[in-house]
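Using our numbering, read the sequence shown as starting at 67 and increasing by one per residue. Reviewing the structure listed below.
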Amino acid sequence: CKAMVCHRIVATSANGLPLDSEADEKYLKVIMLDCGLCNASLGLSLYQVTGVAEISRINNGGLAEQLVGQLLRTISPPYVPLSLYYWQRKKRDAVAEVDYIIQHENQVVPLEVKAGSTGTLKSLQQFMLEKKKTLAIRINSDFPSLCAIKVKDPMGTSIEYQLLSLPFYLIGQLHRLIQSVKK
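Rendered as structure tokens:
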């Protein structure tokens, strides 16, 4: 990471802002500087990854998560040092992980990456139940959409939130689109 060939993604409890205040440096993930380096480290050639369909099959979506991390790093001004975070539930019998946690203005927003156009959102729903947030983001290869989700835990407690689904190519517009949902 010091050579700037990769970037650290640190676990956070995501109870509030700043996200770094509850960061746990013992738990981290790493993304490469770019997808070419990631592909090379996986032994993949350019001809093996030609579209979204291949991204969803490679490394169970790990390449898609890599791509989203790189794109998230580009949406901040270059003079602002950017840190990336993820959420990990550490209970022994109920492990869950949300791929990225971002800050939009004064709110904590979870962001889940799904390589294809569908996929379960169990970890995201667990996060939403625990943190009582009203907005979540899903990045996938489907069309943009906004839907209301209602989730119940085993105890019968329910929460409603909005799920904003965006395709990979709209990550650069993430904050603008979140703002439009809030209005």
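Beta carbons are placed, not taken as given, at the ideal position from N, Cα and C, and that holds for glycine. The structure displayed is predicted, hence computed values, not measured ones.
Among the options, nearest to residue i - alpha-carbon criterion
| i | options | result |
| --- | --- | --- |
| I244 | V71, V179, V174 | V174 |
| H170 | L99, A162, P144, K199 | K199 |
| N81 | R155, Y93, K188, T140 | R155 |
| S211 | V76, T223, P233 | P233 |
| K197 | C72, I205, T78 | T78 |
| V279 | D100, L229, D208 | Nothing about residue 279 can be read from this structure; the chain reaches only from 67 to 249. |
| E178 | N172, R204, T186 | R204 |
| Y166 | N172, K180, K157 | K180 |
| L129 | T186, L99, K157 | L99 |
Whole-Å CB distance - residue i paired with residue j, under 8 Å assumed
| i | j | result |
| --- | --- | --- |
| D159 | L195 | At roughly 16 Å, the Cβ-Cβ gap does not stay under 8 Å, so D159 and L195 are not in contact. |
| V164 | L190 | 6 Å |
| Y151 | L85 | 5 Å |
| L138 | I168 | 7 Å |
| N206 | S231 | 6 Å |
| K188 | A214 | That pair is no contact at about 18 Å. |
| F209 | W153 | Between W153 and F209 the Cβ distance is about 26 Å, and since that is not below 8 Å, they are no contact. |
Sequence-distant residues of the same chain with beta carbon closer than 8 Å to residue i, five excluded per side
| i | result |
| --- | --- |
| I141 | I237, G238, L240, H241 |
| S224 | K216, V217, K218 |
Close-in-space but distant-in-sequence residues of the same chain around residue i (CB under 6 Å, 5 per side omitted)
| i | result |
| --- | --- |
| A89 | V76, T78 |
| E131 | D165, V179 |
| Q136 | none |
| P144 | none |
Beta-carbon contacts of residue i that lie in its chain and below 7 Å, excluding the five residues immediately before and after
| i | result |
| --- | --- |
| E91 | V76 |
| Y227 | M194, K199, T200, L201, A202, I215 |
| L11 | Limits of the chain in this structure are 67 at one end and 249 at the other, which puts residue 11 out of reach. |
Complete runs of the beta strand (DSSP E) confined to the stretch 149-223 [at least 3 residues]: 150-155, 162-170, 173-179, 201-206, 211-218
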